[in-house]
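Enquirer: Quick one: the structure is below, questions incoming.
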Amino acid sequence: MKKDWSYSPAPESTDHIHIAVKNDLFINGKFIPPEKGKYFETINPANEEKLADVAEADKADVDKAVKAARKAYEKVWSKMDPAERGKYIYRIARLIQERAREFSVIETMDGGKPIRESRDIDIPLVSAHFFYYAGWADKLEYAFPGKKAKPIGVAGQIIPWNFPLLMAAWKIAPALATGNTVILKPAETTPLTAMKLAEIIQEADLPPGVVNIINGDGKTGRALVEHPDVNKIAFTGSTDVGKLIMKSIAGTDKKYTLELGGKAANIIFEDAAIDQAVEGIIDGIFFNQGHVCCAGSRLFVQESVAETVVSKLKDRMESLIVGNPLDKNTDIGAINSKMQLDKIKMYVDIGKNEGGSIHQSSCKLPEKGYWYAPTLFTDVSQSHRIVQEEIFGPVLAIQTFRTVDEVITKANNIPYGLSGGVWTDKGAKIFQVSKAIRAGVLWANTFNKFDPTSPFGGYKESGMGREGGLEGLMPYVHLV
Amino acid sequence: MPKREDIKKTYKLYIGGKFPRTESGRYIKWTNTKNTSTVNICRGSRKDFRNSVVAARSAFSGWSSSTAYNRSQILYRIGEMLEGRRSQFMDELVLQSSTKKTAEKEINQSIDRLIYYAGWADKYQQIFSRVNPVALPYFNFSYPEPTGVVSAVAPNGSSLIGLVSIVAPIIAGGNTVVVLVSEEKPLCSITFAEVLHTSDVPGGVVNILTGHRSELLEHFSSHMDVNAIVYCGSEPEEIKLVQENAALNVKRPIVYSDEDWLDKNAQDPYRILNTLETKTTWYPVGV
Numbered sequence: 000m001k002k003d004w005s006y007s008p009a010p011e012s013t014d015h016i017h018i019a020v021k022n023d024l025f026i027n028g029k030f031i032p033p034e035k036g037k038y039f040e041t042i043n044p045a046n047e048e049k050l051a052d053v054a055e056a057d058k059a060d061v062d063k064a065v066k067a068a069r070k071a072y073e074k075v076w077s078k079m080d081p082a083e084r085g086k087y088i089y090r091i092a093r094l095i096q097e098r099a100r101e102f103s104v105i106e107t108m109d110g111g112k113p114i115r116e117s118r119d120i121d122i123p124l125v126s127a128h129f130f131y132y133a134g135w136a137d138k139l140e141y142a143f144p145g146k147k148a149k150p151i152g153v154a155g156q157i158i159p160w161n162f163p164l165l166m167a168a169w170k171i172a173p174a175l176a177t178g179n180t181v182i183l184k185p186a187e188t189t190p191l192t193a194m195k196l197a198e199i200i201q202e203a204d205l206p207p208g209v210v211n212i213i214n215g216d217g218k219t220g221r222a223l224v225e226h227p228d229v230n231k232i233a234f235t236g237s238t239d240v241g242k243l244i245m246k247s248i249a250g251t252d253k254k255y256t257l258e259l260g261g262k263a264a265n266i267i268f269e270d271a272a273i274d275q276a277v278e279g280i281i282d283g284i285f286f287n288q289g290h291v292c293c294a295g296s297r298l299f300v301q302e303s304v305a306e307t308v309v310s311k312l313k314d315r316m317e318s319l320i321v322g323n324p325l326d327k328n329t330d331i332g333a334i335n336s337k338m339q340l341d342k343i344k345m346y347v348d349i350g351k352n353e354g355g356s357i358h359q360s361s362c363k364l365p366e367k368g369y370w371y372a373p374t375l376f377t378d379v380s381q382s383h384r385i386v387q388e389e390i391f392g393p394v395l396a397i398q399t400f401r402t403v404d405e406v407i408t409k410a411n412n413i414p415y416g417l418s419g420g421v422w423t424d425k426g427a428k429i430f431q432v433s434k435a436i437r438a439g440v441l442w443a444n445t446f447n448k449f450d451p452t453s454p455f456g457g458y459k460e461s462g463m464g465r466e467g468g469l470e471g472l473m474p475y476v477h478l479v
Numbered sequence: 000m001p002k003r004e005d006i007k008k009t010y011k012l013y014i015g016g017k018f019p020r021t022e023s024g025r026y027i028k029w030t031n032t033k034n035t036s037t038v039n040i041c042r043g044s045r046k047d048f049r050n051s052v053v054a055a056r057s058a059f060s061g062w063s064s065s066t067a068y069n070r071s072q073i074l075y076r077i078g079e080m081l082e083g084r085r086s087q088f089m090d091e092l093v094l095q096s097s098t099k100k101t102a103e104k105e106i107n108q109s110i111d112r113l114i115y116y117a118g119w120a121d122k123y124q125q126i127f128s129r130v131n132p133v134a135l136p137y138f139n140f141s142y143p144e145p146t147g148v149v150s151a152v153a154p155n156g157s158s159l160i161g162l163v164s165i166v167a168p169i170i171a172g173g174n175t176v177v178v179l180v181s182e183e184k185p186l187c188s189i190t191f192a193e194v195l196h197t198s199d200v201p202g203g204v205v206n207i208l209t210g211h212r213s214e215l216l217e218h219f220s221s222h223m224d225v226n227a228i229v230y231c232g233s234e235p236e237e238i239k240l241v242q243e244n245a246a247l248n249v250k251r252p253i254v255y256s257d258e259d260w261l262d263k264n265a266q267d268p269y270r271i272l273n274t275l276e277t278k279t280t281w282y283p284v285g286v
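What follows is the structure, encoded as structure tokens:
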């Protein structure tokens, strides 16, 4: 008898989940239909089935949201006793904890990420983020020595589809704590958890207009960026769009923070704990299907251990479970959208055409939905496009190095500077390398760790400003 | 006694620790308001700027990794040198239409500002660093690092104090800088280069150019190997240009408008922070 060692299916149930068939705009504390009556579909990328219709906000709707936010800012939120403001934010944190399972399941259905990740990482971090910033609301005078922190006003916040609710929390929590009001625009492929968040905002009894949530694509985002009565733009997304935003608000008084692309170097020295490092490489590039701006997409392995590392890596890739995101055993879920899948395929073709050697896990991919097998490239060099450009998918480019100086030079030879990883048993080497890498977040003997108290953000073309920690307050205040 | 002719100074640029003339061979005739004195100032070019960025980039690794104590002493030393050459600055400020009294005040404030930032050079790190209490078994800390090469456009209306107020916080933070000085009052900014040169400031850390703002602003703001631009002024068109060009490589644009640089309060550590980046490191606890 042939033994089957594969796991039995262990799907998370969805029967307790309620997704509204039609999702309106959340403006001034109410769910209202869009002016033009236009709705778009959001689908489950794991099976291409429609989940719901979502209202598309146009210019008039954006204007309505900005007016609501302005009024709430002037009349209520900026004037409220900071300790009271904090209580509302605490309340949001608690409500999310209470409804965590529901949020996790919807996040996975709408975005394709494994339930294990939305359940254990995304949603717990969302409530932790609100909880952390809630406490800052009445302590701002201790954050900036010698200065007084004043709110900026109305913040327009545009977030991506890779960590939908987590990015919403990163944006909304510090803005509210510092006394600003917000208009949030989620990504068009992942609007559903934000709509659930709107329910919670209502439930938490936040004054109308303090948080407004509107959906739509780039056009909606643009209307928000260009609206003259928005005082601050917070954007997470691609470097290309970040640059467009900088250009479009040049010459205005708008403040902005940008959290843009990355192409992190993950550096493995010969004295590293190799098995741990292999786990770290896997986590670095395949976490969330590689849809992570800080993903460790450039691997640098010291020559003496390169063969061992690559062979162990291939073995480990083979054991990754790719499939139904709702299954609790799944490691790699669905690619977020058709568009993203096409982009990944395009880059893999480029990698092959430029002479890279490709290796892919032999896993069977489901027939329906958007999927991509874990992939690595060897025989690539600094000038290859798959080494220089952000793919945002489960594709790893591997290079080798001999000396510390060499790997630092190679790691820094890129316009991005968001994150990096260093694997070695020597503490002194960790500090030497992490200091020399020009990037905002450095992980030593680990990768892709996040916490609300820990600032996140990039050097160079990876953006400006920080989110998380005390630094995360700065983009939302004027210091006087 | 026969009348002795005095020796006139040739005003040059300061690039990479040397005093070259502009490569373009062009000049600007500068005349004081009383029309009693004329000087040929270098009309710096795009190429001069690009050479300066190369010098600033190659000086960056040494300057940013020098000890904070060392940077602090060098800033202090600049103050010392300036104090010793008061009379030269006095003459030039007066030539640039200052009264003796305001010139005196400007020199005093410039020296004091250098000492102020000298003091910050080994302290701002402590003000802007944190240990972050993450809910995971890691020792997590954040600290500021210099952003890199900074291009700066010094205030047009002031000569010495404007330049000092811009340059000091940039280099206190470990950055290197290329600065375009006041077009109206260029004299003592060039003499300031001589002060820097005798203050143990490594070549390339501060590069000083003279020239037309209208010509050079485009290049100062669009160069792809510049990490931040500090612009002083309040011309809306210029601010827009700086902010637009900053998008090319996500440069950090920092704008100081309507500042009274002579004011005692036109200084604080947040101006150092403006050209710093926060780095966060996760270090495992346990094996």
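Chains as they are written, first to last, in numbering that gives the first Met the number 0: chain H, 0 to 479; chain F, 0 to 286.
Beta carbons: idealized from backbone N, C-alpha and C, even for Gly.
Since the structure is predicted, the reported quantities are computational estimates derived from the model, not experimental observations.
Confirm, please, whether the CB-CB distance from residue 40 of chain F to residue 75 of chain F is below 8 Å.
Expert: Residue numbering aside, residue 75 of chain F sits at position 76 when the second sequence is read from its first letter. Residue numbering aside, residue 40 of chain F sits at position 41 when the second sequence is read from its first letter. Going by C-beta atoms, residue 75 of chain F is not nearer than 8 Å to residue 40 of chain F.
Enquirer: In chain F, which residues lie less than 7 Å from residue 465 of chain H when you measure between Cβ atoms?
Expert: Sequence index remark: in the first sequence, residue 465 of chain H carries index 466 (1-based). Near residue 465 of chain H (Cβ distances below 7 Å), the residues of chain F are 277.
Enquirer: Return the Cβ separation of residue 256 of chain F and residue 233 of chain F in integer angstroms, given the expectation that the two are a contact with Cβ distance under 8 Å.
Expert: The sequence position of residue 256 of chain F within the second sequence is 257, counting from 1. The sequence position of residue 233 of chain F within the second sequence is 234, counting from 1. Confirmed, Cβ separation roughly 4 Å.
Enquirer: Any beta-carbon of chain F closer than 8 Å to the one on residue 445 of chain H?
Expert: For the purposes of this step, residue 445 of chain H is identified with residue 446 of the first sequence, where counting begins at 1. Cβ-Cβ to chain F under 8 Å: yes for residue 445 of chain H.
Enquirer: Comparing C-alpha positions only, which one of F:140, F:68, F:5 and F:180 sits nearest to residue 453 of chain H?
Expert: Here the question's residue 453 of chain H lines up with position 454 in the first sequence. Considering only alpha carbons, the answer is F:140.
Enquirer: Pull up the DSSP beta-bridge partners for residue 359 of chain H, would you.
Expert: The residue given as residue 359 of chain H occupies position 360 in the first sequence. The partner list for residue 359 of chain H (beta bridge, DSSP) reads H:374.
Enquirer: Any Cβ of chain F within less than 8 Å of the Cβ of residue 121 of chain H?
Expert: Numbered from 1 along the first sequence, position 122 holds the residue referred to as residue 121 of chain H. Residue 121 of chain H does not count as touching chain F.
Enquirer: Buried or exposed: where does residue 141 of chain H fall if 16 or more other Cβ atoms within 10 Å of its Cβ makes it buried?
Expert: In the first sequence, the residue the question calls residue 141 of chain H occupies position 142. For residue 141 of chain H, the number of other beta carbons within 10 angstroms of its own is below 16, and it is reported as exposed.
Enquirer: If residue 414 of chain H and residue 460 of chain H are in contact, beta carbons under 8 Å, what's the gap, nearest whole angstrom?
Expert: Locating residue 414 of chain H in the first sequence gives position 415, counting from the first residue. Locating residue 460 of chain H in the first sequence gives position 461, counting from the first residue. Going by Cβ atoms, the distance from residue 414 of chain H to residue 460 of chain H rounds to 4 Å, so yes, they are a contact pair.
Enquirer: Taking just the CA atoms, how far does residue 468 of chain H sit from residue 133 of chain F?
Expert: Along the second sequence, read from residue 1 onward, the residue named residue 133 of chain F stands at position 134. Along the first sequence, read from residue 1 onward, the residue named residue 468 of chain H stands at position 469. The alpha-carbon of residue 133 of chain F is positioned some 10 Å away from that of residue 468 of chain H.
Enquirer: Per DSSP, what are the beta-bridge partners of residue 31 of chain H in this structure?
Expert: On the first sequence, position 32 is the one that residue 31 of chain H refers to. Answer is H:24, bridged to residue 31 of chain H.
Enquirer: Against residue 239 of chain F, what residues of chain H qualify as contacts under a CB-to-CB distance less than 9 Å, listed in chain order?
Expert: Here residue 239 of chain F corresponds to residue number 240 of the second sequence, with the count starting at 1. Simply 249, 250 and 251.
Enquirer: Can you tell me whether DSSP reads residue 263 of chain F as helix, strand or coil?
Expert: Position 264 of the second sequence, counted from the start, is the residue given in the question as residue 263 of chain F. Collapsing the DSSP output to three states places residue 263 of chain F in coil.
Enquirer: Going by the CB atoms, is the gap between residue 8 of chain H and residue 233 of chain H shorter than 8 Å?
Expert: The residue labelled residue 233 of chain H in the question sits at position 234 within the first sequence. The residue labelled residue 8 of chain H in the question sits at position 9 within the first sequence. Residue 233 of chain H places its beta carbon 8 Å or farther from that of residue 8 of chain H.
Enquirer: DSSP on residue 137 of chain F, reduced to helix/strand/coil?
Expert: For the purposes of this step, residue 137 of chain F is taken as the residue at position 138 of the second sequence. Three-state result, residue 137 of chain F: strand.
Enquirer: What is the rounded straight-line gap between the Cα of residue 45 of chain H and the Cα of residue 23 of chain H?
Expert: As a working mapping, residue 45 of chain H is identified with position 46 in the first sequence. As a working mapping, residue 23 of chain H is identified with position 24 in the first sequence. Approximately 24 Å between the Cα atoms of the pair.
Enquirer: With 7 Å as the limit, tell me which residues of the stretch 233 to 261 of chain F have their beta carbon closer than that to any beta carbon of chain H; keep them in chain order.
Expert: Listed in sequence order: 235, 238, 239, 242, 243, 245, 246, 248, 249 and 251.
Enquirer: Tell me the DSSP bridge mates of residue 32 of chain F?
Expert: On the second sequence, position 33 is the one that residue 32 of chain F refers to. DSSP, once it has assigned bridges, lists no residue as partnering residue 32 of chain F.
Enquirer: Return the CA-CA distance between residue 173 of chain F and residue 225 of chain F, expressed in angstroms with no decimal places.
Expert: The count along the second sequence starts at 1 and reaches residue 173 of chain F at position 174. The count along the second sequence starts at 1 and reaches residue 225 of chain F at position 226. Going by the C-alpha atoms only, they are around 14 Å apart.
Enquirer: Measuring only between beta-carbons, confirm whether residue 207 of chain H sits less than 8 Å from chain F.
Expert: Here the question's residue 207 of chain H lines up with position 208 in the first sequence. Output row for residue 207 of chain H: interface = no.
Enquirer: On the DSSP bridge assignment, give the partners of residue 212 of chain H in chain order.
Expert: Counting from one through the first sequence, the residue named residue 212 of chain H turns up at place 213. Residue 212 of chain H pairs with H:25 and H:183.
Enquirer: Starting from residue 339 of chain F, find everything on chain H with Cβ-Cβ shorter than 8 Å and list it in chain order.
Expert: Nothing in the structure corresponds to residue 339 of chain F, since chain F is present only between 0 and 286.
Enquirer: Is residue 175 of chain H near the ligand ADP - that is, is its Cβ less than 7 Å away from at least one heavy atom of it?
Expert: As presented, the structure is devoid of all ligands, the ligand ADP included, so that no description of it is given.
Enquirer: Straight-line CA distance for residue 18 of chain F to residue 200 of chain F?
Expert: Locating residue 18 of chain F in the second sequence gives position 19, where the first residue counts as 1. Locating residue 200 of chain F in the second sequence gives position 201, where the first residue counts as 1. Answer to the nearest angstrom: the Cα atoms are 14 Å apart.
Enquirer: Count the other C-beta atoms from every protein chain shown that fall within 10 angstroms of the C-beta of residue 188 of chain F, then say buried if there are 16 or more, exposed otherwise.
Expert: Numbered from 1 along the second sequence, position 189 holds the residue referred to as residue 188 of chain F. Residue 188 of chain F is buried by the Cβ-count criterion.
Enquirer: Quick check on the DSSP output: the alpha helix (DSSP H) that includes residue 129 of chain F runs from which residue to which?
Expert: Taking the second sequence and counting its residues from 1, the one referred to as residue 129 of chain F is at position 130. First-last for residue 129 of chain F: 129 to 131, but that is the beta strand (DSSP E), not the alpha helix (DSSP H).
Enquirer: Report all residues from its chain with a CB closer than 7 Å to the CB of residue 190 of chain F; omit the five preceding and five following residues, and keep chain order.
Expert: Here residue 190 of chain F is taken as the residue at index 191 of the second sequence, counted from 1. Answer for residue 190 of chain F: 87, 88 and 91, listed in chain order.
Enquirer: Kindly say whether residue 126 of chain F, judged by its beta-carbon, lies nearer than 8 Å to any beta-carbon of chain H.
Expert: For this step, residue 126 of chain F is matched to residue 127 along the second sequence. Output row for residue 126 of chain F: interface = yes.
Enquirer: Between the C-alpha atoms of residue 238 of chain H and residue 85 of chain H, what's the straight-line distance to the nearest angstrom?
Expert: Taking the first sequence and counting its residues from 1, one reaches residue 238 of chain H at position 239. Taking the first sequence and counting its residues from 1, one reaches residue 85 of chain H at position 86. Taking the straight line from one Cα to the other gives about 33 Å.
Enquirer: Please state the DSSP three-state secondary structure of residue 187 of chain F.
Expert: Reading the second sequence from its first residue, position 188 is the one you call residue 187 of chain F. The answer is helix: DSSP assigns residue 187 of chain F an H, G or I state.
Enquirer: May I ask which residues mark the beginning and end of the alpha helix (DSSP H) holding residue 274 of chain H?
Expert: As a position in the first sequence, residue 274 of chain H is number 275, starting the count at 1. Its alpha helix (DSSP H) spans residues 273 to 285.
Enquirer: State the Cα-Cα distance for the pair residue 297 of chain H and residue 161 of chain H, rounded to the nearest angstrom.
Expert: The sequence position of residue 297 of chain H within the first sequence is 298, counting from 1. The sequence position of residue 161 of chain H within the first sequence is 162, counting from 1. Rounded to the nearest angstrom, the two C-alpha atoms are 19 Å apart.
Enquirer: Determine the burial state of residue 447 of chain H: buried for a count of at least 16 other Cβ atoms within 10 Å of its Cβ, exposed for fewer.
Expert: The residue given as residue 447 of chain H occupies position 448 in the first sequence. Flag for residue 447 of chain H reads buried.
Enquirer: Which runs of the alpha helix (DSSP H) spanning at least 4 residues fall entirely within the stretch 167 to 232 of chain F, listed in chain order?
Expert: Counting only runs of 4 or more, we get 186 to 196 and 212 to 221.
Enquirer: Would residue 6 of chain F be called buried (16 or more neighbouring beta carbons within 10 Å of its own) or exposed?
Expert: For the purposes of this step, residue 6 of chain F is taken as residue 7 along the second sequence, with counting starting at 1. Label assigned to residue 6 of chain F: exposed.
Enquirer: Please confirm whether residue 120 of chain F has its beta-carbon closer than 8 Å to some beta-carbon of chain H.
Expert: As a position in the second sequence, residue 120 of chain F is number 121, starting the count at 1. Taking Cβ atoms only, chain H never reaches closer than 8 Å to residue 120 of chain F, which makes this a no.
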